[in-house]
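First residue of the sequence shown? That's 100 in the numbering used here, and the numbers climb one at a time after it.
A virtual CB, placed ideally from N, CA and C, is assigned to each residue, including glycine.
Some notes on the structure that comes next.
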Amino acid sequence: MKEQVQEENKEQLNGKPTDANSKIDAIKELIFGENIQAYNSEFEALKADILAKKEELQNLIGIVESELLQNIDTLSTDINIRITDLENSINDKLGDLDDRKADRKLLSQLFIKLGEKIRE
Numbered sequence: 100m101k102e103q104v105q106e107e108n109k110e111q112l113n114g115k116p117t118d119a120n121s122k123i124d125a126i127k128e129l130i131f132g133e134n135i136q137a138y139n140s141e142f143e144a145l146k147a148d149i150l151a152k153k154e155e156l157q158n159l160i161g162i163v164e165s166e167l168l169q170n171i172d173t174l175s176t177d178i179n180i181r182i183t184d185l186e187n188s189i190n191d192k193l194g195d196l197d198d199r200k201a202d203r204k205l206l207s208q209l210f211i212k213l214g215e216k217i218r219e
């Protein structure tokens, strides 16, 4: 036991970690150090790439959204113009129908007068 205490004291004096977790971390670093660093660098590169793609997608979404809003406005204007044209066309046709009805009345009166003249 004294030897363990002396070894721990030596380790503390040399600045080496003394708790079990630190020792395990040191062993992991020795065994897997290069792999972990490679994985970390790959993960950082992937994270940066994902963030760049996310920003690019957000920009594209903004562009598409503005184009859609512009197309909706254009379509709305076009529909309003067509509706106005249809209303005018319907009003014109209704006016023509009224004229035709008036012409029928006029024709019937003319036929009555013609019939009266024939009778005389």
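- Take the alpha-carbon of K192 and the one of Q157: they are about 52 angstroms apart.
- A direct Cα-Cα distance of roughly 18 angstroms separates N139 from I126.
- In the displayed model, E154 falls within a helix according to three-state DSSP.
- CA-to-CA, the gap between Q136 and D148 works out to about 18 angstroms.
- In the structure shown, the three-state DSSP call for E219 is coil.
- For T183, there are no CB contacts under 8 angstroms within the same chain when 5 residues up- and downstream are skipped.
- A straight-line Cα-Cα distance of about 10 angstroms links G132 and D124.
- Just so you know, the alpha carbons of N134 and E143 end up roughly 14 angstroms apart.
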